[in-house]
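Engineer: If you read the sequences in order, they're chains A and B. The C-terminal position of the first sequence is numbered 905 in full-length UniProt numbering, with every residue numbered one higher than the one before it. The C-terminal position of the second sequence is numbered 552 in full-length UniProt numbering, with every residue numbered one higher than the one before it. Below are the structure tokens for one structure; questions will follow.
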Amino acid sequence: MPPSQLKQLKSSLRESGVLGPQQSKKQKRQNAKTGANAHERAQRNAAVQAIRDRFNPFEIKAPGRRVKFDATTRDGSRAELARVRPGVTKSLGEEKRRQTLLKEMNQRNKVGGIVDRRFGENDPTMTPEERAAERYARESQKKLQKESMFNLEDDEEEFQLTHKGQSLAFDDANQDDFEGSDLDMDDDMSDSETPRKRKRVFQEPDGEEDDMEDEEEEKPERKKSKHEVMKEVIAKSKFHKHERQMAKEADDDLREELDKGLPDLFDMLRGTKPPPKPEPPKDDTASMNPERAALLQGKSRAEVEKEYDQRLKQLTFDKRSQPTDRTKTEEEKAAEEAERLKNLEEERVRRMRGEEASESESEESQGEASEDESVPDDAVAFGLQQPDNQPDNQRSSRPEMGVEDEDDFIIDDDLVETRSDVSLSFDESDIEDGMSSAQESEEHEEDDEFINGLTLPESKEGESSAPADKEEKADVLAFTYPCPEDHKSFLETTKDVPVQDLPTVIQRIRALHHPRLHSDNKQKLGRFAAVLIQHVAYMANQPGHPPFAVLENILRHVHSMAKSHPESVSMEYRARLREMATERPLNLIAGDLVILTGIATTFPTSDHFHAIVTPAHLCLARYLGQGALNTLSDFATGAYVASLCLQYQAVSKRYMPEFINYVLNALCNLCPSESGNDLGFFPLRKPEETLRLSTTKPINPKKLQFWDIDGPESHREEEFKLCLISTFLSLLDTASDLWAGKSAYYEIFDPAQKVLQHLHKSCKGKITTSTQDTIQATADKINRHLSQSILARRPLLLHNHRPLAIKTAIPKFEEEFNPDKHYDPNRERAESNRLKKEYKRERKGAIRELRKDAQFIAREQLREKRERDAEYERKYKRLVADVQNEEGREANAYEREKRMRKGKM
Amino acid sequence: MPTRVDGATGSRKRKTPKEAGVPSSKRRAVADNQPEDDAMDEILKLEEQISESRKYYNNIATLISMLNADEPGQEPNLLVAVSLCRVFSRLIAGGNLNDSKRAAENEKIIVAWLKERCQEYQKALVSIMRNADTSSQVTALTLCMRLINERVTHIPSADSEVWSSGLFKGVFEAVVEARDGQVLQSEFVEKFVQPYEDVRYYTFVQVSEYAATERTSETLEILISLLSHCDSAPSTDHKFEAFYIKSSSTNKRLTSVNSHRKRAQDAWLAVLNNNLSQSQRKSLLRIMAHTIEPWFSRPELLMDFLTDSYNVGGATSLLALSGLFYLIREKNLDYPQFYTKLYSLLDSDLLHSKHRSRFFRLMNTFLLSTHLPATLVASFIKRLSRLALNAPPPAIVAIVPFIYNLFRHHPICTFMLHRVIRDQNFQKELEKEGMDDPFDPNEPDPTRTDAIESSLWEIETLQSHYHPNVAAIARVISEQFTKQQYNLEDFLDYTYQGMLQAELGSGEKPLKRIPVVEYQIPKRIFTDRGLEEDGGLDTAPGSFMRALWDFS
């Protein structure tokens, strides 16, 4: 049987050394001296606490769940943490409730009242002395800080109420009267204010004391406010700076003095004396700053300041203050031009490969591209030629800088050349390019200078006195033309104008409606460009066969306008193409061919995709693939279209099946005899009536003319056939060079080879030897390419792709697995689970708290009721006692009386 | 007999609108002129007399003589024809044309005489149909058919005689051979053949009889259009109800689907075995699947025609292919060398033909089988890619996905896209001599072309096709084959026009991106302008054009 509780306690107390043998007085004194006393007391307290814990089994609660083995759980410390002290938490909660809930409960159903916000009031931890001290400290601190400029009471010195500059303050004598009462008020105010601030601190029960202590400790330092400290520091640093400056100045003076003596020293060293220099008047004023100089000159202070301001302004707005572009050397300009061309070419190659940038990038690149095309383009052209007076054509979007602008180009159409000379083809080396353009610019220099003297509104006059050879025409032509809205009105306008003068008219219209002259002009010119395109097609369709110089000029005008109005020009070209495609896809006419030629020069035909070039390609290919093949004029048109095809592909070298089909087919059809055997995979189409060469006398073929597309005169048909054959031969020749790199070159040109052999054989004796030689030469060339292509051919290796990964199902292994953590791969689900758990926990906690609150309230109410009852009881008892007292006295008095009477009697 | 009575009343009913029509024409005639009015009065009078008494039967002869059907250059008197029709209808309905053995001698004479007149009248009508103007032709046709109706209804024995050898045969031949007979034929088809199933039945009979002998291609054309305008073949549980002659519904032959089909089949066969022109053959092949074949209870009868057509080559073969395929699949037709034949169809014109998509659809079904040898499929792939080198963009657009699908189904063929040479000796040889295409384009047998040893350089070249979309499609063969299959149907129906439309759009929509403009304005486009400044050497863009063409 275990010993009783009391015995256990005694023994444990003895063990822990709380209860020991009595110490002697001497020992006690010694301990107090060394401080071991305090240490011992602390030790004893801890021991007592431990014993207390041990003896109260309800003080510590075991964890709810059994602790698992270490092998299954990682955090061994959890077991310790899980030990709860229900008594402590309970009492803490009770305490907290008493502070908050009880207060509220007492406040309930109560309105108004005075809240005491004085500092330290309701604070049981403070003694009244402390309270008073603290209040005083705060008061003085506040006076120093001056936190608010509107705090009128605190700082009368700084902020005075004034009226018209006169102080509204009373005299000193009067002020004294108020001071006493003011001070009191101050006190109150400050008192009532500070607690409000402190209250916020009070909300957190912990740390409250610490704060207090901190503040108390800081108090002596606070005597000097931060502001003051800063002021001091600033003053100090200023002082030091001043001192340093003084020292430096002294040094400088000394050095100057020495410097002055130096020439003398040199003279002395040399032994000769130079002629005395005429001393500059007021030398030192120049070196001095203007203010001082002015002061020295005896000007008034206001003047000096004014001058100073002026000079300052001059300095700030001086051009020299900005860095300027250095004048570039010739090499730099050439390099820059080369760089520009390189960029443009790179851009073109990128488009050719069809590498369309992504949406956002493309916008950027578009921006860049347009920049490339307008600003740097012009800028560099600008730089290459005479920098100051070289006009050029450009987009209207360019910032308006001066006289140099597009209209100058319009006034003198030769300038188009100068412009295009700047950038010739890429084939030429840059140096050559630069040189030729330089020459060019010199040639045109006089004109340029002349034009540059003109300002914009005078452009008409400039035109009237334009180059001498145009003088006569200019006399006949009007100077102003309306900007035509549509083709009909343009025809109306130019009804009386001879074809040769059309370029001049167009120039004038463009000059007259320059975008800078009126805001609507840009739109007008856009429409005008469209009208010009229509007009080119219209002119080419005229039976009169207008001179190509005019067509060319108009097309170039269109091109230059396309730079500023790409939208309307391309829309019009597309409209032309659409008309072509819907109305006469298989019977192209002269106008269509001119338009297609125009497209070839105006737009980059090498682009992978281009809103105009791609449909134009389709138009050409469709004509070649399906167009009529019945007359010689059809073949002539076909030859022209085929040459256009090659021109379109000159750079990008893309393969056009229709071209090769057409050329071979045409050769087969024009060849004097029909081939017996199969020539290849190209489809053979035959005209309704044979168009074979049947001449017997040999003729030399000539160059085909553009207007031959209308068909030859009847007497020179045979000659014409020969011309066609030679044209097709040279087309085939060019195409074989163009597509020499294709991997299927052999398959493409093998039929061509057969056709040529057949042609050669069947033409024997019917044509001149020179033509025969051409055929042979072409055949040889193709042969050469064929053998080369076979030599270069390798089996295809198109699928060097990384093999696609097979989907794997290996379980995922977690390196640092923690069973308490949730490894949900689905993040959303994990998150929602976490939130659910948290919610549940919070809810439980809230319910528990509420329940405890309710218990607390009930308890409090019960206690109150008991108190009330006890009070009542006490009162009642007192009253009863009183009454009994009274009655007892009366009874005693009665008894006495009775006894007295009795006794009397 | 109730039927007869019904028929009689029916005919009278049908006559009513006609009689209402006569006065209207009379009124028109009145408006025109007086003498004709008199003639009409006379005709009516003669007609009335006939119906009144037998003694006026001679009026019939008078009326027939008034028809002036045979005289060329004179319009047939339609009024007379109509009134004669009424007369004969009445006589037939009245049994006056019936032979009866019990009848008296003089009665027989009258009947015989009437029959003779009737024949005469029928002949006149047929000749009107052959030679007269369109409206008369149509009227004569209607009258003939009415007469047929009356005769079949009221003379039971005349049934087969009238349809097969008698009047209807004449009518049919007249319809087919009529001068300027388009209207007549369409009238015949619309008014009689299409609505009435018995008429259709006998038409089939007539066609098969008529086409048994060699006919000119124009006649055949008419027959084909006639046949193809007949309704679609009846289903097996079809109920025949629409009869021109009410009594036909009791006829067993006319109410059975099989006999109808048999007749139609005979008719078609007779036409198909005649000497067809090439274009007719094509058009027949085109309608083969949905118009002709349904009529055939024994489609194998078409075999000869189809194999003949298949052997013709070119577009005809293409068209015959689907019919042949139907027979192979459904009727177990054994066609030796089918794939060789199919391979031979892949010639230079195939991709330019308008039956391209039809052929591709069929070829897709033929080649998708995974049981085919890879060499054969490889031959087809190679051949198609060869053809693609000379094909228009719409065809290339179809070929590349088709080839892709073949590669997916026959992965062995992908050696044509990716071939690593492991043999060192061969590698060296390749370095030295290059590579000749092992594929033999002239080998007719697709299993011996060595195509599988080759590579698809053609498609690789087409990756730089001028049209960006085509180039992009050609590029799929060099990308990883991640897509299971391309839906061929999406690629088949492209045309130049459609592609242009897609590029250009139909209206004036603003462009999404402003097109890039060539940054340098060329110095010259057509002329030699300013050439001497460049030292006489034209190197600017477009110099090729200027060298080749003389712009002046």
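Where a beta carbon is used, it is the ideal one built from N, C-alpha and C, also for glycine. Predicted model, so just to flag it, every value in this text is computed and none were measured.
Nearest to B:R358 by alpha carbon, out of B:A395, B:P336, B:Y339 and B:L389?
Structural biologist: If you number the second sequence from 1, residue 358 of chain B lands on position 358. When only C-alpha atoms are compared, the closest one is B:A395.
Engineer: Do we get a CB-CB distance below 7 Å when we pair A:E417 with the residues of chain B?
Structural biologist: Translated into the one-based positions of the first sequence, residue 417 of chain A becomes position 417. The predicted position of A:E417 is uncertain, since its pLDDT is 38 and thus under 50; no value can be drawn from it.
Engineer: Anything in chain B within Cβ reach of A:T602, meaning under 8 Å, just list it in chain order.
Structural biologist: One-based indexing of the first sequence puts residue 602 of chain A at position 602. The answer, in chain order, is V517 and E518.
Engineer: Count the other C-beta atoms from every protein chain shown that fall within 10 angstroms of the C-beta of B:R86, then say buried if there are 16 or more, exposed otherwise.
Structural biologist: The count along the second sequence starts at 1 and reaches residue 86 of chain B at position 86. Looking at its Cβ environment, which holds 16 or more other Cβ atoms inside 10 Å, B:R86 is buried.
Engineer: Inspect the CB distances between the region 326-335 of chain A and the region 448-463 of chain B and report whether three or more fall short of 8 Å.
Structural biologist: Too few Cβ pairs lie closer than 8 Å, so no.
Engineer: Relative to the C-alpha of A:A600, which residue among A:E355, A:G591, A:I612 and A:H608 is closest?
Structural biologist: Position 600 of the first sequence, counted from the start, is the residue given in the question as residue 600 of chain A. The option with the nearest alpha carbon to A:A600 is A:I612.
Engineer: May I have the straight-line CA-CA distance separating B:N273 from B:F204, to the nearest angstrom?
Structural biologist: By one-based count along the second sequence, residue 273 of chain B stands at place 273. By one-based count along the second sequence, residue 204 of chain B stands at place 204. Each residue's Cα considered, the two are about 15 Å apart.
Engineer: Looking at A:H545 and the ligand MG, is the gap between the Cβ and the nearest heavy atom below 6 Å?
Structural biologist: Looking for the ligand MG in the displayed structure turns up nothing, as the structure carries no ligands at all.
Engineer: If you draw a straight line from the alpha carbon of A:S91 to that of A:F58, how long is it in whole angstroms?
Structural biologist: Locating residue 91 of chain A in the first sequence gives position 91, where the first residue counts as 1. Locating residue 58 of chain A in the first sequence gives position 58, where the first residue counts as 1. When rounded, the distance between both Cα atoms is 14 Å.
Engineer: Whole alpha helix (DSSP H) runs in the region 167-243 of chain B with 4 or more residues, listed along the chain?
Structural biologist: Runs of the alpha helix (DSSP H) inside the region 167-243 of chain B: 167-177, 182-187, 197-210 and 217-229.
Engineer: Within this structure, are the beta carbons of A:P604 and B:E518 separated by less than 7 Å?
Structural biologist: In the first sequence, residue 604 of chain A corresponds to position 604, counting from 1. In the second sequence, residue 518 of chain B corresponds to position 518, counting from 1. In contact: A:P604 and B:E518 (Cβ atoms closer than 7 Å).
Engineer: Are the beta-carbon atoms belonging to B:L285 and B:A320 less than 7 Å from one another?
Structural biologist: Residue numbering aside, residue 285 of chain B sits at position 285 when the second sequence is read from its first letter. Residue numbering aside, residue 320 of chain B sits at position 320 when the second sequence is read from its first letter. Yes; because the gap between Cβ atoms is below 7 Å, this pair is in contact.
Engineer: Looking at the secondary structure, which residues open and close the alpha helix (DSSP H) in which B:F88 lies?
Structural biologist: On the second sequence, residue 88 of chain B is found 88 positions in, with the first residue counted as 1. L78 to A93 is the span of the alpha helix (DSSP H), which, as asked, contains B:F88.
Engineer: With a threshold of 7 Å between beta-carbons, can B:Y496 be considered close to chain A, or not?
Structural biologist: Locating residue 496 of chain B in the second sequence gives position 496, counting from the first residue. Yes, B:Y496 lies at the interface with chain A (some Cβ there is under 7 Å from its Cβ).
Engineer: Would you call A:P3 buried or exposed, if buried means 16 or more other Cβ atoms sit within 10 Å of its Cβ?
Structural biologist: Taking the first residue of the first sequence as 1, we reach residue 3 of chain A at position 3. When all chains shown are included, A:P3 counts as exposed.
Engineer: How would you call residue 555 of chain B, buried or exposed, if buried means at least 16 neighbouring beta carbons within 10 angstroms?
Structural biologist: Chain B is shown only over 1 to 552; residue 555 of chain B falls outside these bounds and no answer can be derived.
Engineer: Would you mind reading off the limits of the alpha helix (DSSP H) that contains residue 952 of chain A?
Structural biologist: Because chain A in this structure spans residues 1 to 905, residue 952 of chain A falls outside the shown range and cannot be described.
Engineer: Would you please verify whether the beta carbon of B:L406 is less than 7 Å from any beta carbon of chain A?
Structural biologist: Position 406 of the second sequence, counting from 1, holds the residue named residue 406 of chain B. B:L406 does not count as touching chain A.
Engineer: With a cut-off of 7 Å, does the C-beta of A:E838 fall near any C-beta of chain B?
Structural biologist: Mapped onto the first sequence, residue 838 of chain A falls at position 838. So, not an interface residue.
Engineer: Is B:Q265 buried or exposed, if buried means 16 or more other CB atoms sit within 10 Å of its CB?
Structural biologist: Translated into the one-based positions of the second sequence, residue 265 of chain B becomes position 265. Answer is buried; the Cβ neighbour count reaches 16.
Engineer: In whole angstroms, give me the CA-to-CA distance for A:H487 and A:A529.
Structural biologist: Locating residue 487 of chain A in the first sequence gives position 487, where the first residue counts as 1. Locating residue 529 of chain A in the first sequence gives position 529, where the first residue counts as 1. The alpha-carbon atoms of A:H487 and A:A529 are separated by roughly 10 Å.
Engineer: Distance check for A:L835 and A:R353, CA to CA, integer angstroms please.
Structural biologist: Taking the first sequence and counting its residues from 1, the one referred to as residue 353 of chain A is at position 353. Taking the first sequence and counting its residues from 1, the one referred to as residue 835 of chain A is at position 835. Taking the straight line joining both Cα atoms gives about 54 Å.
Engineer: Would you say A:R834 lies against chain B (beta-carbon separation less than 7 Å)?
Structural biologist: Position 834 of the first sequence, counted from the start, is the residue given in the question as residue 834 of chain A. Chain B contact via Cβ: absent.
Engineer: Secondary structure at B:K512, three-state DSSP: helix, strand or coil?
Structural biologist: Counted from its first residue, the second sequence places residue 512 of chain B at position 512. Coil at B:K512, not helix or strand.
Engineer: Anything in the region 492-518 of chain A with a Cβ closer than 9 Å to a Cβ of chain B? List those residues in chain order, please.
Structural biologist: Cβ contacts with chain B: none found.
Engineer: I'd like to know whether the C-beta of B:L387 is nearer than 7 Å to at least one C-beta of chain A.
Structural biologist: The sequence position of residue 387 of chain B within the second sequence is 387, counting from 1. Yes, contact with chain A.
Engineer: Answer yes or no: does any C-beta atom of chain B fall closer than 7 Å to that of A:E567?
Structural biologist: For this step, residue 567 of chain A is matched to residue 567 along the first sequence. Judged by the 7 Å Cβ criterion, A:E567 is in contact with chain B.
Engineer: What residues match up with A:V84 in a beta bridge as DSSP calls it?
Structural biologist: The residue you call residue 84 of chain A lines up with position 84 of the first sequence. A:V84 pairs with A:K61.
Engineer: Please report whether the beta-carbon of B:N258 lies at a distance below 7 Å from any beta-carbon of chain D.
Structural biologist: The displayed structure is made up of protein chains A and B, and chain D is not among them.
Engineer: Does the region 414-423 of chain B come within contact of the region 453-465 of chain B, defined as at least 3 CB pairs closer than 8 Å?
Structural biologist: Flag = yes, the region 414-423 of chain B and the region 453-465 of chain B touch.
Engineer: If you measure beta-carbon to beta-carbon, which residues of the region 659-672 of chain A are closer than 8 Å to chain B?
Structural biologist: Within the region 659-672 of chain A, the residues whose Cβ lies closer than 8 Å to some Cβ of chain B are I660 and N661, listed in chain order.
Engineer: Just to confirm, is the Cβ distance from B:R281 to B:S309 under 7 Å?
Structural biologist: Numbered from 1 along the second sequence, position 281 holds the residue referred to as residue 281 of chain B. Numbered from 1 along the second sequence, position 309 holds the residue referred to as residue 309 of chain B. In contact: B:R281 and B:S309 (Cβ atoms closer than 7 Å).
Engineer: At a Cβ threshold of 7 Å, is A:G627 touching chain B?
Structural biologist: Locating residue 627 of chain A in the first sequence gives position 627, where the first residue counts as 1. No, because no Cβ of chain B sits closer than 7 Å to the Cβ of A:G627.
Engineer: Using a Cβ cut-off of 7 Å, pull out every chain B residue sitting near A:G354, in sequence order please.
Structural biologist: The residue given as residue 354 of chain A occupies position 354 in the first sequence. Simply P468.
Engineer: Is DSSP giving B:D133 helix, strand or coil here?
Structural biologist: Position 133 of the second sequence, counted from the start, is the residue given in the question as residue 133 of chain B. B:D133 falls in the coil class under three-state DSSP.
Engineer: Is the shortest distance between the beta-carbon of A:S560 and the beta-carbons of chain B less than 7 Å?
Structural biologist: As a working mapping, residue 560 of chain A is identified with position 560 in the first sequence. Interface residue, yes.
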